[in-house]
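Enquirer: If you count the sequence shown from 1, you need to add 317 to reach the numbering used here.
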Amino acid sequence: MGARETWRGRSLVSLKSISAEDITTVLDYAAELKRTHRDKLAVARPPYPRTLAMLFEKPSLRTRVSFEAGMAQLGGHAIYLAPGDIGLGTRETVPDVAAALSRWVDVISARVFKHETVEQLAENATIPVINALSDMEHPLQAFADLLTIREYKGSLGGHLKLTYIGDGNNVLHTLLIACAKMGMSISAACPEGYGPDPAYLEEAIQIAHSGSGGIPVIEIVTDPAQAVKNADVLYTDVWASMGQEEEKAARAKVFAPYQINGMLVRKAKSDAIVLHCLPAHREEEITSEVMEAFKAPIIDEAENRLHTQKALISLMLGL
Numbered sequence: 318m319g320a321r322e323t324w325r326g327r328s329l330v331s332l333k334s335i336s337a338e339d340i341t342t343v344l345d346y347a348a349e350l351k352r353t354h355r356d357k358l359a360v361a362r363p364p365y366p367r368t369l370a371m372l373f374e375k376p377s378l379r380t381r382v383s384f385e386a387g388m389a390q391l392g393g394h395a396i397y398l399a400p401g402d403i404g405l406g407t408r409e410t411v412p413d414v415a416a417a418l419s420r421w422v423d424v425i426s427a428r429v430f431k432h433e434t435v436e437q438l439a440e441n442a443t444i445p446v447i448n449a450l451s452d453m454e455h456p457l458q459a460f461a462d463l464l465t466i467r468e469y470k471g472s473l474g475g476h477l478k479l480t481y482i483g484d485g486n487n488v489l490h491t492l493l494i495a496c497a498k499m500g501m502s503i504s505a506a507c508p509e510g511y512g513p514d515p516a517y518l519e520e521a522i523q524i525a526h527s528g529s530g531g532i533p534v535i536e537i538v539t540d541p542a543q544a545v546k547n548a549d550v551l552y553t554d555v556w557a558s559m560g561q562e563e564e565k566a567a568r569a570k571v572f573a574p575y576q577i578n579g580m581l582v583r584k585a586k587s588d589a590i591v592l593h594c595l596p597a598h599r600e601e602e603i604t605s606e607v608m609e610a611f612k613a614p615i616i617d618e619a620e621n622r623l624h625t626q627k628a629l630i631s632l633m634l635g636l
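1) For the structure I just gave you, are there three or more beta carbon pairs, one from the region 462 to 478 and one from the region 614 to 628, closer than 8 Å?
2) Assign ARG408 to buried or exposed, taking buried as 16 or more other Cβ atoms, counted over all protein chains shown, within 10 Å of its Cβ.
3) Can you name the start and end residues of the alpha helix (DSSP H) that LYS627 belongs to?
4) Please classify ASP588 as buried or exposed, where buried requires at least 16 other C-beta atoms within 10 Å of its C-beta.
5) For GLU618, count neighbouring C-beta atoms within 10 Å of its own C-beta (all shown protein chains included) and say buried if the count is 16 or more, exposed if not.
6) I need the straight-line Cα distance from SER383 to ARG622, nearest angstrom please.
7) Kindly indicate the opening and closing residues of the beta strand (DSSP E) around LEU329.
8) By a C-beta neighbour count over all protein chains shown, 10 Å radius and 16 as the cutoff for buried, is MET448 buried or exposed?
9) Could you check where the beta strand (DSSP E) with ARG467 kicks off and where it finishes?
10) Looking at PHE373 and LEU405, is the spacing between their C-beta atoms short of 8 Å?
11) Let me confirm a value: ASP553 is counted as buried when at least 16 other C-beta atoms fall within 10 Å, else exposed. Which label applies?
12) Let me know the secondary structure DSSP gives ILE335 once reduced to three states.
13) On the CB-based measure, 16 or more other CB atoms within 10 Å of its CB, does LYS565 come out buried or exposed?
14) Name the two residues that bound the continuous beta strand (DSSP E) containing PHE373.
15) Consult DSSP for ASN486 and reduce its assignment to one of helix, strand or coil.
16) Grouping DSSP H, G and I as helix and E and B as strand, with all else coil, what is LYS498?
17) Please classify LEU492: does DSSP put it in a helix, a strand, or coil?
18) What does the Cβ neighbour count give for GLU322, buried or exposed, with the cut at 16 atoms within 10 Å?
19) What span of residues does the beta strand (DSSP E) with SER426 cover, start to end?
20) Using only the alpha-carbon positions, how far apart do PRO400 and LEU450 sit?
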């Protein structure tokens with residue numbers, strides 16, 4: 318069985334359930350699709366138009382547009398389903414939604430509040446399900462991040478260090494697992510009481526120690542200056558995620574020392590890049606100065622959502 322065949326018919330609920338080889342397969346195919354896209358060559362078309370159902374409990378610019386554009390470029394179609402269109406778990410049970418959609422479309426993506434919702438969809442669907450964001454993970458973002466880092470640094474592995482500054486949220490959870498699987502060190506600086514779920518940290522450390530070769534460093538600290546030392550990549554996200562709006566003012570005070578600014582960037586390696594999963598709140602988690610200085614990799618990172626998602630769908634459907 319070829320590397321690409323291992324993705325056929327699979328779902329993507331969590332990075333925990335896939336291997337480093339699986340990740341590399343997606344990145345390699347995404348890079349191939351990106352070259353095709355950039356060269357304006359004919360894009361490989363499926364034997365008949367495929368349909369993606371996009372379930373949204375949370376709004377998103379990047380997720381919706383990248384999926385809709387990607388499906389169009391693959392010769393398929395995407396259907397946007399807003400919260401009021403379905404009422405997951407209220408108007409209709411998640412298993413019933415999964416079963417019905419499995420009869421109409423070829424793949425489901427779900428951007429939801431609770432991780433359990435994606436798990437239920439995958440358990441009850443007979444077609445691939447993609448986690449497009451949950452409260453615990455954001456695997457699609459991790460694929461785009463890894464492809465961007467590989468493009469700028471040439472490879473992924475133990476010689477690289479990623480530093481995350483900010484809230485221990487779903488993005489950090491996914492980065493911990495992704496870095497551990499790819500053998501890349503990660504140091505995250507989070508305020509006391511705002512670190513990642515201990516289970517994700519523990520699992521990332523176990524993954525790092527189970528790999529071959531050098532063991533990457535997986536650590537959580539409270540000092541941003543300590544975290545960015547010798548960093549190749551700096552990464553941040555908003556301080557208050559969707560659903561935490563009432564905490565925004567309180568979080569702003571706690572996270573004020575955790576801003577990525579010019580002074581902090583200068584403490585990393587001289588050729589370090591800065592990434593942000595977007596949307597960015599300038600002058601909060603990142604300054605406009607840094608955003609503009611590293612706009613190229615940040616926008617490349619956003620573009621790579623398109624290519625990695627196309628690769629995943631193509632591999633899952635065996636296109």
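We put the beta carbon where it would ideally sit given N, CA and C, even for glycine.
Source: prediction; values computed, not measured.
Expert: This is what the structure gives:
1) Contact holds: three or more Cβ-Cβ distances are below 8 Å.
2) By one-based count along the sequence shown, residue 408 stands at place 91. Around the beta-carbon of ARG408, fewer than 16 other beta-carbon atoms lie within 10 Å, marking it exposed.
3) Mapped onto the sequence shown, residue 627 falls at position 310. Taken as a continuous stretch (DSSP letters only), the alpha helix (DSSP H) holding LYS627 covers 612 to 634.
4) Position 271 of the sequence shown holds residue 588. Around the beta carbon of ASP588, a 10 Å sphere encloses fewer than 16 other beta carbons of the protein chains shown; the residue is thus reported as exposed.
5) Position 301 of the sequence shown, counting from 1, holds the residue named residue 618. Within 10 angstroms of the beta-carbon of GLU618 lie 16 or more other beta-carbons, which makes it buried.
6) The residue you call residue 383 lines up with position 66 of the sequence shown. The residue you call residue 622 lines up with position 305 of the sequence shown. Going by the C-alpha atoms only, they are around 6 Å apart.
7) Here residue 329 is taken as the residue at index 12 of the sequence shown, counted from 1. Bounds of any beta strand (DSSP E) do not take in LEU329, whose DSSP letter is neither H nor E.
8) Sequence index remark: in the sequence shown, residue 448 carries index 131 (1-based). Residue identity differs from the one stated: residue 448 is Asn in this sequence, not Met. Counting every other CB atom within 10 Å of its CB across the protein chains shown gives ASN448 a total of 16 or more, marking it as buried.
9) Position 150 of the sequence shown, counting from 1, holds the residue named residue 467. Counting along the chain, ARG467 falls outside any beta strand (DSSP E), though it belongs to the alpha helix (DSSP H) covering 456 to 470.
10) One-based indexing of the sequence shown puts residue 405 at position 88. One-based indexing of the sequence shown puts residue 373 at position 56. Not a contact, by the Cβ cut-off of 8 Å.
11) As a working mapping, residue 553 is identified with position 236 in the sequence shown. Residue identity check: residue 553 is Thr in the sequence provided, not Asp. Per the 10 Å Cβ criterion, buried.
12) Numbered from 1 along the sequence shown, position 18 holds the residue referred to as residue 335. DSSP places ILE335 in coil when its eight states are reduced to three.
13) If you number the sequence shown from 1, residue 565 lands on position 248. Taking every protein chain shown into account, the CB of LYS565 has fewer than 16 other CB atoms within 10 angstroms, so this residue is exposed.
14) For the purposes of this step, residue 373 is taken as the residue at position 56 of the sequence shown. Where PHE373 is concerned, the enclosing beta strand (DSSP E) stretches over 368 to 373.
15) On the sequence shown, position 169 is the one that residue 486 refers to. Here DSSP, grouped into helix, strand and coil, assigns ASN486 to coil.
16) Start at 1 with the first residue of the sequence shown, and residue 498 comes out as number 181. Shown here, LYS498 sits in a helix according to DSSP, grouped into three states.
17) Along the sequence shown, read from residue 1 onward, the residue named residue 492 stands at position 175. Three-state DSSP puts LEU492 in a helix.
18) The residue given as residue 322 occupies position 5 in the sequence shown. So GLU322 counts as exposed.
19) Residue 426 sits at position 109 when you count from the first residue of the sequence shown. The continuous beta strand (DSSP E) containing SER426 extends over residues 424 to 428.
20) Reading the sequence shown from its first residue, position 83 is the one you call residue 400. Reading the sequence shown from its first residue, position 133 is the one you call residue 450. C-alpha separation (whole angstroms): 15 Å.
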